[in-house]
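In full-length UniProt numbering, the protein residues as written are 1 to 410.
Glycine is no exception: its CB is placed at the ideal position from the N, C-alpha and C atoms.
What follows is the structure in structure tokens.
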């Protein structure tokens, strides 16, 4: 491209800033009239202040002397409280604005990495990721994450950077280890490296997880002892698996009245095995993007509790669909056939429309089960489709990420 046709250098940051402002405005509108907005952010702030004051994070007295709009426990490792301490020192509304902006940047950044993996140049990837990311703000998992002030989008961009960037300025695997030290579930992404026998990032991820955990012990020994040897094994610390917003396999079988640990472990083993096979084939074909999305999906299904706002990986999936399915007329038809139902399902959040709380989920009809477990159903279809696509790959390695077409798995 000639210099005369090149876009001005200021255009991209201005567009991203406008998308950030629009995203913040959308979330503010969604929060109007809500009783417990930014509730998880309040918990993070209280956790940071509790650590700063040398108090217990895991006793029933939490968060006293600090207050929350609704009583919730601190369910994260102590290192998370240490990292949240600066947020607790800021005025609440400053921390809220900062948290939303950083989360939106994480959403856009993840989308940009997806776009670059699909062959777009950096600028175009950011343009598309920002525009699509703004639309994704209305999807139930992402808007709930932003409305609650959850860390899901921030953890997602850390994991995506570790797995999708061609080169990282840190030892590959360290971001996954740090994310897991903040919230344990990112350990599921070790599968991404394991299937390709990438021992170095595996060891870096595990080592950094223990290293950051040791830092938590050093900075908060009492809380660390209580968390790792008592609180972590408390089955009731994160809520009942029956609750409608628990969109995991454990949640589904619990709502069906089949709350069997043996059945849950067996189903998870099958899901992990199928996913591992698909990821192995995909990574051998240099289709790391689809492999990562399958690992994320399997992790959400396998976790005992995956609240609906944990499903923020729908954002990168939407970017994938938009980039790959809008290139030809035939692809646009596929986008409508696949993208619209997915957008409706994740835009509405069927579990929000069915009877819930007070164990009313145990009395769901068949229709309510289908509606209330919609995320899990879509995720299972995605994993099966991804596995079928992976098994049909005729060559052990694709020429490049541009020539590979991971979206065909849909």
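With a threshold of 9 Å between beta-carbons, can residue i be considered close to chain D, or not?
| i | result |
| --- | --- |
| residue 60 | Chain labels in this structure do not include chain D; a single protein chain is all it has. |
Pop quiz: residue i and residue j are said to be a contact at Cβ under 8 Å. What is the actual Cβ separation, rounded to whole angstroms?
| i | j | result |
| --- | --- | --- |
| residue 164 | residue 371 | Contact doesn't hold; Cβ gap of about 33 Å is too wide. |
| residue 220 | residue 51 | 6 Å |
| residue 132 | residue 111 | 6 Å |
| residue 319 | residue 115 | 6 Å |
| residue 414 | residue 107 | Limits of the chain in this structure are 1 at one end and 410 at the other, which puts residue 414 out of reach. |
| residue 141 | residue 312 | 5 Å |
| residue 146 | residue 100 | 6 Å |
| residue 179 | residue 155 | 5 Å |
| residue 305 | residue 349 | About 16 Å separates the two Cβ atoms, so there is no contact after all. |
| residue 416 | residue 104 | Summary: the structure shown does not reach residue 416, with the chain confined to residues 1 through 410, and so no result is reported for it. |
| residue 279 | residue 118 | Contact flag wrong, Cβ pair sits at about 18 Å. |
| residue 373 | residue 252 | 5 Å |
DSSP state of residue i, grouped into three classes?
| i | result |
| --- | --- |
| residue 223 | helix |
| residue 312 | coil |
| residue 93 | helix |
| residue 258 | coil |
| residue 402 | Annotation note: pLDDT 41 at residue 402 (below 50); position unreliable, coordinate value reported separately. Correct three-state label for residue 402: coil. |
| residue 356 | coil |
| residue 230 | coil |
| residue 40 | helix |
| residue 32 | coil |
| residue 288 | helix |
| residue 60 | coil |
| residue 173 | coil |
| residue 135 | helix |
| residue 185 | helix |
| residue 74 | coil |
| residue 125 | helix |
| residue 1 | With a pLDDT of 44 at residue 1, under the threshold of 50, the modelled position of this residue cannot be trusted; read the value that follows with caution. Coil, per DSSP. |
| residue 297 | helix |
| residue 66 | coil |
| residue 326 | coil |
| residue 141 | helix |
| residue 341 | helix |
| residue 116 | helix |
| residue 425 | As shown, the chain starts at 1 and ends at 410. That puts residue 425 outside it, with no answer to give. |
Measure the alpha-carbon distance for residue i versus residue j and round it to whole angstroms.
| i | j | result |
| --- | --- | --- |
| residue 218 | residue 40 | 25 Å |
| residue 387 | residue 393 | 10 Å |
| residue 416 | residue 384 | Absent from the structure is residue 416, since the part of the chain shown begins at 1 and ends at 410. |
| residue 143 | residue 49 | 26 Å |
| residue 16 | residue 204 | 33 Å |
| residue 80 | residue 183 | 8 Å |
| residue 44 | residue 332 | 42 Å |
| residue 226 | residue 339 | 45 Å |
| residue 197 | residue 208 | 18 Å |
| residue 193 | residue 202 | 6 Å |
| residue 64 | residue 336 | 51 Å |
| residue 71 | residue 42 | 10 Å |
| residue 78 | residue 170 | 24 Å |
| residue 123 | residue 344 | 29 Å |
| residue 113 | residue 121 | 10 Å |
| residue 381 | residue 222 | 44 Å |
| residue 302 | residue 157 | 21 Å |
| residue 91 | residue 32 | 20 Å |
| residue 148 | residue 310 | 11 Å |
| residue 283 | residue 191 | 11 Å |
| residue 352 | residue 245 | 8 Å |
| residue 379 | residue 188 | 16 Å |
| residue 288 | residue 177 | 19 Å |
| residue 59 | residue 87 | 22 Å |
| residue 55 | residue 367 | 47 Å |
| residue 415 | residue 259 | Limits of the chain in this structure are 1 at one end and 410 at the other, which puts residue 415 out of reach. |
Let me check one thing: in DSSP terms, what residues is residue i bridge-paired to?
| i | result |
| --- | --- |
| residue 246 | 307 |
Would you decide whether residue i is buried or exposed? Buried here means 16 or more other CB atoms lie within 10 Å of its CB.
| i | result |
| --- | --- |
| residue 357 | exposed |
| residue 231 | buried |
| residue 67 | exposed |
| residue 362 | exposed |
| residue 89 | exposed |
| residue 10 | exposed |
| residue 391 | exposed |
| residue 325 | buried |
| residue 250 | buried |
| residue 496 | Here the chain comprises residues numbered 1 to 410, so residue 496 is not present and cannot be evaluated. |
| residue 185 | buried |
| residue 199 | exposed |
| residue 19 | buried |
| residue 459 | Here the chain comprises residues numbered 1 to 410, so residue 459 is not present and cannot be evaluated. |
| residue 241 | buried |
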